[in-house]
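When you read off a place in the sequence shown, starting at 1, and then add 156, the result is the number in my numbering.
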Amino acid sequence: MDNQFCEGWQLLLKHGEGKTMKRTSLLLTAAISYFFTISGYNPLTQELDDDYRHLIQAPYTYSSPVIDGVLRPGEWDHAASNTVDFNNLGVAGNSGPGIVDSLDDMSYTFYVMYDDKFLYIGVDIKDDMYISTNYGQRFQWDMPVTWENDAVEYFFDGDLSRTPDSCRNPQETETGGQWIFGIEADDSPLPFVSPEIYGGKTRPYGSGPSDVWYAQTNVNVETNDWSQEARFALNIIGSPTAGSEIGFNICIDDVDVYNEQTLEPDFYTELREIQLYWTQWLYDPGMIATENTHEIEDYWGTLRFLEPVAVMHWSLF
């Protein structure tokens with residue numbers, strides 16, 4: 157076992173030659189994972205790709221979900237999922253007045269699967285206050301600003317270019333970009349999605365057969381927990397097929413500071429308490445990112461599209 161462990165270290169170090177020193181913690185994590193795997197015990201359940209980025213593998217589905225914001229029992233049973241909180245996988249970005257004070261304030265589970273036409277994503281969010289209309293930011297921007305409300309942001313690097321500066325250019329939005337959905341009809345989704353802002357695209361939104369992107373949000377009025385379901389046509393995120401990989405990330409915008417009458421605090425300040433990302437490569441879980449990481453594809457994780465499984469075999473899974 158000792159020889160196997162040493163060989164694993166050598167492979168990791170060889171792979172990391174020429175990389176930045178920031179990857180040390182990722183290499184250590186991978187080495188520990190390797191050690192526990194060969195010893196028969198592996199507490200590190202997060203899948204990683206060959207570059208030690210977070211990986212989620214979307215299965216093919218023969219039964220598409222109804223996109224209405226309600227994650228019904230059985231609807232996402234065959235999807236892949238990850239649960240994210242600030243103490244586990246999550247990395248904070250662009251934090252505002254504070255950070256989460258408990259797991260009840262911000263944690264979420266997201267689900268992914270696909271069929272011949274769409275990628276489907278369901279998100280189940282634990283929150284202590286749902287904010288859908290942030291009036292302060294309306295005054296600042298003179299328009300609704302989805303990301304200054306409770307919302308979900310989706311990121312796709314369909315050509316897997318891992319652009320190191322910004323995804324907000326026409327070339328990158330041809331195969332993905334940044335997409336933001338809230339709940340209010342005038343807040344979401346148009347025109348507050350970067351493929352529309354930065355790529356100058358006109359893409360049909362809706363639930364019809366020719367529409368290429370769509371999302372719906374549902375809020376539990378008793379608990380303030382909420383959920384969202386979205387679908388994206390494969391042909392706007394790089395046209396992935398079975399076996400393909402694309403860059404991917406997801407984050408939840410959480411707003412807890414809000415006063416409709418006084419607009420306090422000053423509406424020129426950041427009102428989001430936190431953006432909680434699934435991952436930011438080179439940042440350990442629980443860290444607060446100091447860069448504009450939502451624009452940098454190189455920091456995102458990986459979404460892999462699995463081969464379809466014959467219907468008769470689904471009962472095995």
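Built from N, CA and C at the ideal position, the CB exists for glycine as well.
This structure is a prediction, so every number in the text was calculated from the model and none was measured.
From the options, pick the residue whose C-alpha is nearest to that of residue i; which is it?
| i | options | result |
| --- | --- | --- |
| E463 | L204, D205 and P215 | P215 |
| D224 | T265, D280 and T397 | D280 |
| R387 | T379, L432 and G332 | G332 |
| H210 | N405, N305 and I393 | N405 |
| T397 | W456, D271 and T239 | D271 |
| I212 | A307, I277 and A248 | I277 |
| G338 | G364, H234, Y218 and Q372 | Q372 |
| S395 | T239, G364 and T329 | T329 |
| Y267 | A466, V465 and L459 | L459 |
| D381 | I408, W369, S363 and A389 | I408 |
| G364 | E453, A389 and A445 | A389 |
Give me the Cα-Cα distance between residue i and residue j, rounded to the nearest whole angstrom.
| i | j | result |
| --- | --- | --- |
| N391 | K273 | 8 Å |
| W335 | G314 | 13 Å |
| D233 | D283 | 23 Å |
| S322 | S366 | 29 Å |
| A235 | H450 | 25 Å |
| N238 | Y264 | 8 Å |
| V247 | P360 | 32 Å |
| T379 | D261 | 11 Å |
| M443 | Q431 | 12 Å |
| Y370 | G362 | 5 Å |
| E385 | G230 | 14 Å |
| Y433 | S219 | 28 Å |
| E447 | R324 | 15 Å |
| R228 | P326 | 37 Å |
Which same chain residues end up closer than 7 Å to residue i when comparing Cβ atoms and leaving out the 5 residues on each side of it in sequence?
| i | result |
| --- | --- |
| I393 | L275, F312, G314, T331, G332 and I402 |
| G399 | F461 and E463 |
| R318 | G403, E453 and D454 |
| P320 | I452 and D454 |
| A445 | V247, A248, G249, Q436 and Y439 |
| G196 | Any answer about G196 is weak, because its pLDDT of 35 lies below 50 and its placement is not dependable; what the coordinates show is given next. Once the five neighbours on either side are set aside, G196 has no close Cβ partner at all. |
Which word fits residue i, buried or exposed, when buried means at least 16 other C-beta atoms lie within 10 angstroms of its C-beta?
| i | result |
| --- | --- |
| D343 | Because the pLDDT of D343 is 40, which lies under 50, any placement of that residue in the model is unreliable, and the question is left without a value. |
| Y310 | buried |
| P221 | buried |
| Y455 | buried |
| T217 | buried |
| M285 | exposed |
| D241 | buried |
| V368 | buried |
| V308 | buried |
Leaving out five residues on either side along the sequence, give the residues of the same chain with a beta carbon under 6 Å from the beta carbon of residue i.
| i | result |
| --- | --- |
| T435 | H210 and G457 |
| N374 | G225, V226 and S383 |
| E203 | L211 |
| M269 | A214, P215, T217, A235 and Y276 |
| D205 | L211 and T458 |
| A466 | none |
| T185 | Low confidence applies to T185: its pLDDT is 48, below 50, so where it sits in the model is not reliable, and the reading given next is rough at best. No residues qualify anywhere along the chain. |
If you drop the 5 nearest sequence neighbours on each side, which residues of the same chain put their C-beta closer than 8 Å to that of residue i?
| i | result |
| --- | --- |
| L316 | G394, E401, I402 and G403 |
| L245 | Q202, H210, N238, T239, W434, T435 and P441 |
With respect to 6 Å, is the separation between the Cβ of residue i and the closest non-hydrogen atom of the ligand NAP below this value?
| i | result |
| --- | --- |
| S383 | No copy of the ligand NAP appears in this structure; indeed no ligand is present at all. |
*Residue ranges of each beta strand (DSSP E) within the stretch 357-400, 3 or longer*: 369-375 and 382-389
*Which runs of the beta strand (DSSP E) fall wholly inside the stretch 435-465 and span at least 3 residues, in chain order?*
457-461
*Go through the stretch 208-242 residue by residue and report every complete run of the beta strand (DSSP E) that reaches 3 residues or more, in order.*
211-214 and 236-241
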